[in-house]
Amino acid sequence: MRFDAVVVGAGFSGMYMLHRLRGLGLSVRVFETGDGVGGTWYWNRYPGARCDVQSMEYSYSFDDRLEQEWEWTERFPSQPEILRYADHVADRFDLRRDIQFGTRVTRAAYDEATGLWRVETDRGDVVAARYLISAVGCLSAARVPAFPGAESFRGPRFHTGRWPHDGVDFSGLRVAVIGTGSSGIQAIPVIAGQAEHVTVFQRTPNYSVPAHNRPMEPEYQGWAKANYPDLRRRMRESHAGLLGEFNSTSALEVSDEERTREFETRWAKGGISFLGAYGDIAVNPRANELAAEFVRSKIREIVGDPGTAELLSPRDHPIGSKRICVDTGYYATYNRPNVTLADVRADPIEEITPTGVRTAAGRHDVDMIVYATGYDAMTGPLLGMDITGKGGLSLRRKWEAGPRTYLGLMSAGFPNLFTITGPGSPSVLSNMIVSIEQHVDWIAGCVAWLRERDVAAIDADPLAEDAWTAHVNEVAQFTLYPQADSWYLGANVPGKPRVFMPYVGGVGAYRLKCEQVAADGYEGFVLSS
Ligand code: N01
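Residue numbering for the sequence shown follows our numbering, beginning at 286 and increasing consecutively.
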């Protein structure tokens, strides 16, 4: 079978990419592992799953009628609501007829003789396409640590990112939750509300701010819809693709009283705009510590037992250097009599037994294990496919010491292979939908341009790639991000090279750069006919 383009993944990026390529008149086949659209929101059905970007900002902007007709019901959209939205988009634009569900791409090899990509799937498909577009997402390769004995556990066990479709009933069960990142922090309060007992296995405490989620105010929704063109423009030009108020003054320039007032106001408002309180929180250790200590003071205020409050208080990394969590009642959950916090930093998990979790100091018998242990982020889903480019070069080999891209869009030696929100682009540091639309629009513009000029292939120039990769690393070093052992750096996966993967320069500046490159005839790319 032959298509003009193959798109891998039918989450928000793959769906919009399909729509845009169709608009150019291309034949497209989308391969999607899941049995439905939605990507992250298809897989992450764990209890409490909710986006930390507000509903009115977390939606496509490409179609006026779509954004006007869809009604959001809550300030922060829940997973089921976002999945309904994804399904609605798929129906409205009749996307499903070009998506092959239940199919994982296993290999993709570039054939230099024909200039086509040969794509293979786990269902035995072999297709050829001129353009190969990875829309595999950044957090789709779920990771369960290799605990000895993990397979021996007799009860059910689930990863938050591979949650059963028919839900899980925790009633009367003793549940172990391993991991306290965004997923664990959202799931734990809901599980604790139902289970007989929850033991939370925490290795590193995280900073979390309250969501203060609430039903959508119709006036706000109406106002946002009436002002969408302006709001979307502001988001595109912003640093993180969000509308939140960003205060550029230094946390060190204001009095203690004023600073506390500002933090309190943002805490009361809820959401990640807490980090926008001062302009230097992400870059100045002293400013950062003031914000961090404010959150720790809140933990002490909320959590009754001082020992537990201290265990929950992050002290080993700057606030914001790992993705800040947004929760509903997380810290207060530790005041419940049916919740125990196990500190696996002090008392590590040694093995999983048929009846539970054994740490160095003792046994925790449980009926179910929930792994909230995260992902092989950004590069994991891409390298999970066996991709070979020119001269038989494998992407895995090329990225052995960390990802190398030009603008996060292409990697030299892999012509006509585009990555949406790949490493080297703002991606996970931004509102993903804003970054997805920007990448898809850029790729669609590029493909149209190539076709108009009969250019058969585009590839990144190795020199431009070197310069961009160096730039991505350099700007990260100006921030506090590299100080945390985070998945941004691959530090959560044993053996993964420690390289800061996303581009911290901001979506507004990055967009301008991409637009300029295109306007200059795809400067930094090599074109061949
Ligand atoms: O994964 P994580 P996640 N023994 O990697 C622990 C997005 N997201 O799924 O920190 C014991 O953050 C690990 O401990 P440590 C968001 O971008 C968004 O929660 O490595 N523990 C950590 O506590 C987020 O950042 C939303 O010491 C082990 C946890 O598991 C990203 O997805 C909601 C361990 C993993 O945390 C990933 O979040 C959910 C081991 N061997 C997710 N291995 C929203 O929009 C790992 N851990 C709100």
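C-beta atoms are modelled at their ideal positions from N, C-alpha and C, and glycine is treated no differently.
Residue i: CB within 7 Å of a non-hydrogen atom of ligand 1
i: C336; result: yes
i: Q762; result: no
i: I463; result: yes
i: T489; result: yes
i: S813; result: no
i: G659; result: yes
i: T891; result: The structure shown does not extend to residue 891, since the chain is modelled only from 286 through 814, so no value can be given for it.
i: T484; result: no
i: Q471; result: yes
i: R648; result: no
i: V789; result: no
i: V475; result: no
i: P767; result: no
i: V460; result: no
i: T388; result: no
i: S298; result: no
i: G676; result: no
i: S558; result: no
i: S816; result: Past the edges of the chain, shown from 286 to 814, lies residue 816, and the structure says nothing about it.
i: G555; result: no
i: S606; result: no
i: G865; result: A question about residue 865 goes unanswered here, because the residues of the chain that appear run from 286 up to 814.
i: P430; result: yes
Beta-bridge partners of residue i, as assigned by DSSP
i: R459; result: H482
i: E405; result: R392 and V411
i: R447; result: DSSP output for R447 lists no bridge partner at all.
i: G641; result: T638 and D650
i: V611; result: V494
i: R314; result: V291
i: T234; result: Outside the displayed span of the chain (286 to 814) sits residue 234, for which this structure offers no information.
i: R335; result: S363
i: V588; result: V588 is not bridged to any residue.
i: I604; result: None, per the DSSP bridge assignment.
i: D744; result: V811
i: R442; result: I654
i: I728; result: Beta-bridge pairing links I728 to no other residue.
i: T550; result: Bridge partners of T550: none, in fact.
i: A427; result: Y660
Cβ shell of residue i (< 6 Å), same chain only, five flanking positions each side left out
i: T625; result: T484
i: A525; result: S715
i: H304; result: F378
i: I384; result: A295, V315 and E317
i: F455; result: I476, Q479 and A480
i: D815; result: Outside the displayed span of the chain (286 to 814) sits residue 815, for which this structure offers no information.
i: D652; result: G440, L458 and R459
i: W727; result: C799
i: L424; result: Y660 and A662
Minimum Cβ-Cβ distance from residue i to chain B less than 8 Å
i: H373; result: In the structure shown, chain B does not exist; there is a single protein chain.
Simplified DSSP assignment, three categories, for residue i
i: H649; result: strand
i: E635; result: strand
i: P500; result: strand
i: A749; result: helix
i: M695; result: strand
i: T764; result: coil
i: A572; result: helix
i: Y416; result: strand
i: Q385; result: strand
i: R682; result: helix
i: F531; result: coil
i: L380; result: coil
i: F703; result: strand
i: I566; result: coil
i: Y795; result: helix
i: A375; result: helix
i: T664; result: helix
Beta-carbon proximity list for residue i, same chain, < 7 Å, skipping 5 on both sides
i: P365; result: none
i: R447; result: W328 and A427
i: Y395; result: W402, T673, G674, K675, F699 and P700
i: N491; result: T465, G466, I470, P599, K607 and C610
i: F288; result: S312, V313, R314, V412 and A414
i: V789; result: L714, V760, A761, T764 and Y766
i: R689; result: K683, S696, E750 and T754
i: R307; result: V313
8 Å Cβ shell around residue i - same chain, five flanking residues per side excluded
i: A472; result: Y331, P332, G333, A334, T445, V462, V655 and A657
i: Y505; result: M341
i: T388; result: F316, E317, T318, T406, D407, R408 and D410
i: N532; result: E547, G561, A562, Y563 and G564
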